[in-house]
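2 protein chains.
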Amino acid sequence: MGRIGRQTITLDNPPVIQAFAAVAGKKEGEGPLSDSFDLVFQDSFFGQETWEKAESAMLNRALALALGKAGLDYKDVDCVFSGDLLNQCAGSAFGIRGTDIPFFGLYGACSTMAESLALASMTVSAGYANNAAAVTGSHFCSAERQFRMPLEYGGQRTPTAQWTVTGAGCAVLSRQGAGPKITCVTPGRIVDLGIKDLSNMGAAMAPAAFDTLYSHFSDTGRAPDYYDLILTGDLGLVGSGILRDMFYREGVNISGIHNDCGLMIFDREKQDAHAGGSGCGCSASVLCGEIMRKMRQGGLKKVLFAATGALMSPVTSMQGESIPGICCAVSIEGE
Amino acid sequence: MGRIGRQTITLDNPPVIQAFAAVAGKKEGEGPLSDSFDLVFQDSFFGQETWEKAESAMLNRALALALGKAGLDYKDVDCVFSGDLLNQCAGSAFGIRGTDIPFFGLYGACSTMAESLALASMTVSAGYANNAAAVTGSHFCSAERQFRMPLEYGGQRTPTAQWTVTGAGCAVLSRQGAGPKITCVTPGRIVDLGIKDLSNMGAAMAPAAFDTLYSHFSDTGRAPDYYDLILTGDLGLVGSGILRDMFYREGVNISGIHNDCGLMIFDREKQDAHAGGSGCGCSASVLCGEIMRKMRQGGLKKVLFAATGALMSPVTSMQGESIPGICCAVSIEGE
Chain Y
0 MGRIGRQTIT
10 LDNPPVIQAF
20 AAVAGKKEGE
30 GPLSDSFDLV
40 FQDSFFGQET
50 WEKAESAMLN
60 RALALALGKA
70 GLDYKDVDCV
80 FSGDLLNQCA
90 GSAFGIRGTD
100 IPFFGLYGAC
110 STMAESLALA
120 SMTVSAGYAN
130 NAAAVTGSHF
140 CSAERQFRMP
150 LEYGGQRTPT
160 AQWTVTGAGC
170 AVLSRQGAGP
180 KITCVTPGRI
190 VDLGIKDLSN
200 MGAAMAPAAF
210 DTLYSHFSDT
220 GRAPDYYDLI
230 LTGDLGLVGS
240 GILRDMFYRE
250 GVNISGIHND
260 CGLMIFDREK
270 QDAHAGGSGC
280 GCSASVLCGE
290 IMRKMRQGGL
300 KKVLFAATGA
310 LMSPVTSMQG
320 ESIPGICCAV
330 SIEGE
Chain Z
0 MGRIGRQTIT
10 LDNPPVIQAF
20 AAVAGKKEGE
30 GPLSDSFDLV
40 FQDSFFGQET
50 WEKAESAMLN
60 RALALALGKA
70 GLDYKDVDCV
80 FSGDLLNQCA
90 GSAFGIRGTD
100 IPFFGLYGAC
110 STMAESLALA
120 SMTVSAGYAN
130 NAAAVTGSHF
140 CSAERQFRMP
150 LEYGGQRTPT
160 AQWTVTGAGC
170 AVLSRQGAGP
180 KITCVTPGRI
190 VDLGIKDLSN
200 MGAAMAPAAF
210 DTLYSHFSDT
220 GRAPDYYDLI
230 LTGDLGLVGS
240 GILRDMFYRE
250 GVNISGIHND
260 CGLMIFDREK
270 QDAHAGGSGC
280 GCSASVLCGE
290 IMRKMRQGGL
300 KKVLFAATGA
310 LMSPVTSMQG
320 ESIPGICCAV
330 SIEGE
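Each protein sequence line maps, in turn, to chains Y and Z.
According to numbering that gives the first Met the number 0, the first sequence holds residues 0 to 334 in order.
According to numbering that gives the first Met the number 0, the second sequence holds residues 0 to 334 in order.
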């Protein structure tokens, strides 16, 4: 057990992803991954009074669904790692409230699914928890009005802009049980190459994805093709192109084994999603839906899940700052 | 290594708090703990253009000062756990940017110093890191305008209101070295008894503090007087009174061994701090200043550090929600 290289942590008792669940909104339910979600809701309010409360309810539902599949109650979960995009991470705090599960609040922006999986797997592997949950989500409507404009304003979007996914995902990690295992994690360093365009998060995050993936490969001695799939979080069309270019300049072609949750969740042309999906719920609902189902069925064996986040706030951008990026990678390996 | 009871995690290889540092603003530097800070700055901008940038700079300085005392460079630190109160935790993201230390972003509101210590100590004890840093801070001016009113408005404060501390603290945890050790941690559950008054955070957080402390004592079998000091984060005058009352109703008198960072940092009468200090920087600068100095000198042997946080946001409060509280406890024991 321990560290290899600068950044990577190997897990001697790799925790099993015993159960997982994904919930999604109407638009996501009309996309290419519609069959992979456990629940698609047609009402943007999810039966609540506000979009913010809907976000919490969605996250809570993903947790409950995943626990149900694992046959666990809240009291069986030793700790939950959760965060989201709302100010003060209110989506997760109010979503977890009432469960009585010991709570570690996180902020990793759109990298939260990987950050929560990393910390949950480290916690389970070390014997600190028998069962730990990793859960996150996002909501298009609450994100738009917090980060950009009121929806009623009807602002135009640039072609590089991404569409915040309405969705949530949860994975339950356990010491015992059957299922794909998390074998090592590579937490990310903050990388900021000076991008200031808030409508081009892919460009801001791609260098962080490259940095973490490059460290993962050099720390572990694995070549990219060790994996069946290198799955970035939400680089979208622009960021994915930049990431592949950066590897290509190092003499490595990852095009054949790389995909991005932001490219998978929407039909960009038919669904008007511009450069693709984004948000904590993007990588959470794609991983805990489509990808984990394929791993469970044996269609995918080894996946390097590398969720990406942009760590700016509207205030820092208004104060002239550039956008710091981060990427956390988690190695998931099936039987 | 492992769990005891519902919530507590025992650390088989208790990490050493090898170094610590606290920085503080002018008002804090005029208070009772003025001699315990490594650096007191007179300029609320800390040489920056904005208060938000000052907050990041302050946090970065606390990290650099603590590493300097430990004789470590950024590259020697395997990971840093950090968070703050600013939207999207921008204070920590921009404060850590440029260090190239693998980063785990947290949101625990004012409980962040304990949450970061808990996760850092779990990470070091498990062998995932040789050195890990826990760092957080807050700034009165950035907090006021984000959570309450523009300072220029000159709003009146109620007697139950607390004063956000301008300050930061950092602790460096290591597998080797001399110093007080973190022996176990009790992460908190979210507790919400329905308090909605944003000017009375102490009342909202006290039940969470009671819940975590009560769990800690029942999980470990330790009586409160096992410790020389039970140090809550920032309950202030109102919350501290409620906490003591709650224990008293259980037949336990903690008055003699309980203190609160929010009560220690200001002279409430002379410094117009109403119910006391608050903010991530409150418990961070008190722990990483006064308390750790006393532990290092042998004046304190066993401290249960239980930082408290209020997990609401201005939006959730405007939407009629109550204030969820949380408290994370960390047991620190000297030679």
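The beta carbon of each residue, even a glycine, is placed where N, CA and C say it ideally should be.
A direct Cα-Cα distance of roughly 13 angstroms separates A309 (chain Z) from A160 (chain Z). When the Cα atoms are used, L32 (chain Y) and M263 (chain Y) turn out to be separated by approximately 7 angstroms. Residue environment analysis places K25 (chain Y) among the exposed positions, since fewer than 16 neighbouring C-beta atoms fall within 10 angstroms of its C-beta. With a 10 Å radius around the Cβ and a threshold of 16 neighbouring Cβ atoms, E320 (chain Y) comes out buried. Sorting Y:G126, Y:S120, Y:F103, Y:A113 by C-alpha distance to the C-alpha of A117 (chain Z) places Y:F103 at the top. The beta-carbon of R2 (chain Y) is placed less than 8 angstroms from the nearest beta-carbon of chain Z. Beyond the five residues adjoining it in sequence on each side, V76 (chain Y) comes within less than 6 angstroms, by CB distance, of I100, N130, A132 in the same chain, given in chain order.
With a threshold of 16 other beta carbon atoms within 10 Å, Q175 (chain Z) falls short and is exposed.
Shown in chain order are the members of the region 96 to 112 of chain Y whose Cβ falls below 9 angstroms from a Cβ of chain Z: R96, G97, T98, D99, I100, P101, F102, F103, G104, L105, Y106, G107, A108, S110, T111. Annotation: the continuous beta strand (DSSP E) that includes F102 (chain Z) extends over 102 to 105.
Across the region 252 to 282 of chain Z, no CB contact with chain Y closer than 8 angstroms is found for any residue. Under the Cβ distance rule, E51 (chain Z) counts among the residues neighbouring chain Y, one pair being separated by less than 8 angstroms. For M121 (chain Y), at least one C-beta of chain Z is nearer than 8 angstroms to its own C-beta.
In summary, D271 (chain Z) is exposed, with fewer than 16 beta-carbon neighbours lying within 10 Å of its beta-carbon over all protein chains present. Close partners of T315 (chain Y) in chain Z (Cβ separation under 7 angstroms): E51, A89, F93. Taking C-alpha positions only, S312 (chain Y) is separated from Q87 (chain Z) by approximately 6 angstroms. Nearest neighbour of E54 (chain Z) by Cα position, chosen from Z:L84, Z:L66, Z:G67, turns out to be Z:L84. Distances from the alpha-carbon of L299 (chain Z) to those of Z:P179, Z:H215, Z:R144, Z:G28 put Z:P179 closest.
At a cut-off of 8 angstroms between C-beta atoms, R188 (chain Y) counts as an interface residue with respect to chain Z.
Within a 10 Å sphere around the beta-carbon of K52 (chain Y) sit 16 or more other beta-carbons, which makes this residue buried.
If you draw a straight line from the Cα of D11 (chain Y) to the Cα of T182 (chain Y), it comes to about 8 angstroms. Here the region 183 to 198 of chain Y does not lie against the region 0 to 8 of chain Z, with fewer than 3 beta-carbon pairs under 8 angstroms apart. Between the C-alpha atoms of A202 (chain Y) and S254 (chain Y) there is a straight-line separation of about 17 angstroms. The three-state secondary structure of H257 (chain Z), taken from DSSP, is strand. Rounded to whole angstroms, G97 (chain Y) and A222 (chain Z) show a C-alpha spacing of 28 angstroms.
The way I'd put it, the region 313 to 333 of chain Y doesn't touch the region 63 to 83 of chain Y; fewer than three beta-carbon pairs between them come closer than 8 angstroms.
The residue among Z:L228, Z:A18, Z:S277, Z:L242 with its C-alpha nearest the C-alpha of L71 (chain Z) is Z:A18.
Around the beta carbon of K301 (chain Y), 16 or more other beta carbons sit within 10 angstroms, so the residue counts as buried. Annotated three-state conformation of G166 (chain Y) is strand, per DSSP.
For T111 (chain Z), no beta strand (DSSP E) segment is defined; the enclosing uninterrupted segment is the alpha helix (DSSP H) at 111 to 124. Here DSSP, grouped into helix, strand and coil, assigns A160 (chain Z) to coil.
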